[in-house]
Structure formats: C-alpha cells, structure tokens
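Right, one structure below, let's go through it.
Chains as they are written, first to last, in this note's numbering: chain A, 1 to 10; chain B, 11 to 224.
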C-alpha cells in the first residue's frame, strides 16, 4: 500500500 | 523527480516571471489582484518556514527554488502595494481575503497529518494555496476582462498544480508515495481553473481577448 511519507515537494 | 513535477515547477516559475515582467514592463498592476499575490506570499512563507528556522547552505536547487518563490512573491506584493500602488485596482479587488484565510487556518487545525506547529503551517499553506487564486478570478469577473498577458500568467499558474496531479499519479504508481492532503487540495485548486482554462483554450489561443460574460 502507498505510504504517506514526508512532504518532499515544493 | 519526474517530468510532471519538473514541468510543474517550471510552469510555476514561468507564472511568477510572467506576472513580474507584466507589472515591471507596463509599470502597472491593472487587472492584477493584490490580495491573491499576498495570499501566495503567505503560502510560500508558511510552507518554507524551515528556511528561516534552521538555515542550511544553499546546497541544493530545492532551497534555491524556495528562496526564489518567497522573494519573488514578496517583491511582486511590493510592486503592487507600494511602487505601482497608483495603478492598483483596489475597487475591483474586493473579495474578502479573511473568508479564505480563516477557514484554511481552521481546517488546518482540524484535518492534518500531525498536530505540531510546522505541520499545521504546512497544511494551512496547502489549503490556502487551493483558494488563493479566487480574488484574482473574482477581479476578472468584476472587470469583465483579462489582459492577454494576465491570461498567460493564469494559464501557467493553473497548469502548475494540474501537472502536479499527474506527478502524484506517477508517484502513487511507481513510488507508492501519497500525500493525501496535498492531492485533495491540488485537485480542488485545479478545478477552480477549469472555467478559465476553457476560456483560455477557446479564446486566447486564437488571439482573442478574454471578455466576460463569455
């Protein structure tokens, strides 16, 4: 299942 | 990094550059919503607050991009509210920004991934960005028209988050990465541009000007 990792986008 | 996110960020940079050039070259911010630009500046500052907290060397493009976004949006607000204040169309830029900021802040406190200051600021920034363009779209509906260059700005601004949606689909599929809050807000944000996208594709691309009601 997809993981909710940190916010690594602008 | 994937092609969608790369072009999304480039489209965002292009939008910021187009607006700056428009105001600087024409020495006028007619047709530009100062409130939208203020909201964008707030979005960047609250989202990239880490730059101010523990400043690390500009060792990667991401840090440089964040600084560019913050400084360009603050400079744009300076041009609108100070340097070219005389050309600011305050009468038509009349959407109440509080009606956007307060719900975004409230929602950020209710729906977030972690209840800590930085995370809530980030969530607030994401929710606010989704609706930050509304004063600009409201101003265009009040004046009944949009300069061609302003239409290009809006197209680039709207395309940036539309491309991010493709990036999120790509990352879900290939990196099994998901950022639910950013995705939901990004979809809402892009939907708000649909009406404008339709007008842009059917008019501006043919060299006509956007005049409302269409």
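Where a beta carbon is used, it is the ideal one built from N, C-alpha and C, also for glycine.
- residue 74 of chain B versus residue 129 of chain B - alpha carbon distance: 21 Å
- Can you pull the DSSP bridge partners for residue 220 of chain B? B/156
- Task: Please work out which residues of its chain come closer than 6 Å, Cβ to Cβ, to residue 159 of chain B, disregarding the five sequence neighbours upstream and downstream, and give them in chain order.
- Result: 32
- Where does residue 64 of chain B fall in DSSP's three states? coil
- Note the first and the last residue of the continuous alpha helix (DSSP H) segment covering residue 113 of chain B. 108–120
- Message: If we require 4 or more residues per run, which alpha helix (DSSP H) segments fall completely within the region 20–52 of chain B?
- Response: none
- Message: Rounded to whole angstroms, what is the Cα-Cα separation between residue 35 of chain B and residue 78 of chain B?
- Response: 20 Å
- Query: Do residue 191 of chain B and residue 150 of chain B have their CB atoms nearer than 8 Å?
  - Reply: no
- Nearest-angstrom Cβ-Cβ length linking residue 132 of chain B and residue 57 of chain B, presumed shorter than 8 Å: 6 Å
- Message: In the DSSP output, which residue or residues are listed as bridge partners for residue 187 of chain B?
- Response: A/3
- Message: Let me check understanding here. Comparing Cα to Cα, which of B/152, B/187 and B/108 lies closest to residue 11 of chain B?
- Response: B/187
- Message: Using a Cβ-Cβ cutoff of less than 7 Å, which residues in the same chain neighbour residue 118 of chain B once the five nearest sequence positions on both sides are dropped?
- Response: 130, 133, 134 and 137
- Message: With distance defined between alpha-carbon atoms, name the residue in B/207, B/161 and B/181 nearest to residue 26 of chain B.
- Response: B/161
- Nearest-angstrom beta carbon gap, residue 13 of chain B and residue 163 of chain B [assumed within contact, 8 Å]: Contact flag wrong, Cβ pair sits at about 23 Å.
- Message: Restricting to runs no shorter than 4 residues, where is the alpha helix (DSSP H) found entirely within the region 69–94 of chain B?
- Response: 71–88
- Message: I need the boundaries of the alpha helix (DSSP H) containing residue 10 of chain A, first residue and last residue.
- Response: Run containing residue 10 of chain A: none; DSSP gives neither H nor E here.
- So which residues of chain A does residue 123 of chain B contact, with C-beta pairs closer than 8 Å? 4
- Beta carbon of residue 21 of chain B, beta carbon of residue 203 of chain B: below 8 Å? no
- Task: Please look up how many angstroms separate the CB atoms of residue 221 of chain B and residue 157 of chain B, rounded, as I've assumed it's under 8 Å.
- Result: Residue 221 of chain B to residue 157 of chain B, Cβ: 11 Å. No contact.
- Query: If we cut at 8 Å on Cβ distances, does residue 186 of chain B have a partner in chain C?
  - Reply: The structure shown contains no chain C; the protein chains it does contain are A and B.
- Task: In the DSSP assignment, find the unbroken alpha helix (DSSP H) run with residue 96 of chain B in it and report its ends.
- Result: Element bounds for residue 96 of chain B: n/a, residue is neither H nor E.
- With 8 Å as the threshold, decide whether the Cβ of residue 75 of chain B is near any Cβ in chain A. yes
- Query: DSSP three-state call for residue 174 of chain B: helix, strand or coil?
  - Reply: helix
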